[in-house]
Each structure stands twice: as structure tokens, then as C-alpha cells.
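S.K.:
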Amino acid sequence: MIYKDENAELINNYRAYTMQGSNMVPAVNKGDFLVVDINQKFIISGDIYVIEYEKSIVVCRLLLDRETVVLIFDNTKVEIEEPLHVISIIGRVINIKKASD
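Residues in the sequence shown are numbered consecutively from 1249, following my numbering.
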């Protein structure tokens, strides 16, 4: 789960989020700052996205297979396969600013 950074201004088509969970470690750690391009709704398989899934905002990798999408969480062995229409893509993560930097 992540939280939108309400203090960050919306610049053109970008939004800022702060990672709150550990499901994407080591790629994204708790406290990392994410820049998301909300215009990038198309799936590039293997890239990291912010999506709405089951009434939550989550960060995960997406793999596209025709009309099916696989949600991959780096820190778990769980892969969730769903029909594409079940998720709503908020945008693709284009930058990760590590909290430890």
C-alpha cells in the first residue's frame, strides 16, 4: 500500500507517492518516494506501476498476457493473475527516490 504525497504539487502529468509497505523490497522500500506518470496507462511487461486493485492502491510489477494481467510483488512469491478489466492503472513509476539516500 502507498499514500499519495498531498504536499507534493501535481506537475503536468506526474504524481508523487510514498511507499508504506514492504511488498516490493528491494526495488521499492518503505519510505521511498515514487514519481508516477499518470499518462502511462499502457503496460510494459515487467515495469512497476501504481494501480487500484480490490479497493486499495498498490505498487507492483505488471505482466500482460492478452486480456490477462499478472501482478508481481518482488518481496513475495505470490503472483496474482486477473482479467485486465479488474485493475485500474493509475500510472507507471518513472522514478524511485530511496528514503535512505
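Positions of the beta carbon are idealized from the N, C-alpha and C atoms, including for glycine.
What's the gap between the Cα of N1261 and the Cα of V1283?
M.R.: Distance between the alpha carbons of N1261 and V1283: 10 Å.
S.K.: Assuming D1322 contacts P1274 under a Cβ cut-off of 8 Å, what Cβ separation, rounded to an integer in Å, is found between them?
M.R.: About 7 Å; that satisfies the 8 Å criterion.
S.K.: Cα separation between V1318 and I1335?
M.R.: Taking the straight line from one Cα to the other gives about 10 Å.
S.K.: DSSP state of K1346, grouped into three classes?
M.R.: Coil, per DSSP.
S.K.: Could you check what DSSP says for V1334 in three-state terms: helix, strand or coil?
M.R.: Reduced to three states, the DSSP call for V1334 is helix.
S.K.: Residues in its own chain within less than 6 Å of L1332 by CB, not counting five upstream and five downstream?
M.R.: Excluding positions up to five away in sequence, the list reads E1315 and V1317.
S.K.: Specify the secondary structure class of M1272 as computed by DSSP and reduced to three states.
M.R.: Three-state result, M1272: coil.
S.K.: Would D1313 be called buried (16 or more neighbouring beta carbons within 10 Å of its own) or exposed?
M.R.: Exposed, by the Cβ-count rule.
S.K.: If I measure Cβ to Cβ from K1325 and keep anything under 8 Å in the same chain, skipping five residues before and after, which residues do I get?
M.R.: Nothing meets the Cβ criterion.
S.K.: Can you give me the Cβ contacts of D1285 inside the same chain, cut-off strictly under 7 Å, excluding the 5 residues immediately before and after it?
M.R.: Answer for D1285: N1261, Y1262, G1339, R1340 and I1342, listed in chain order.
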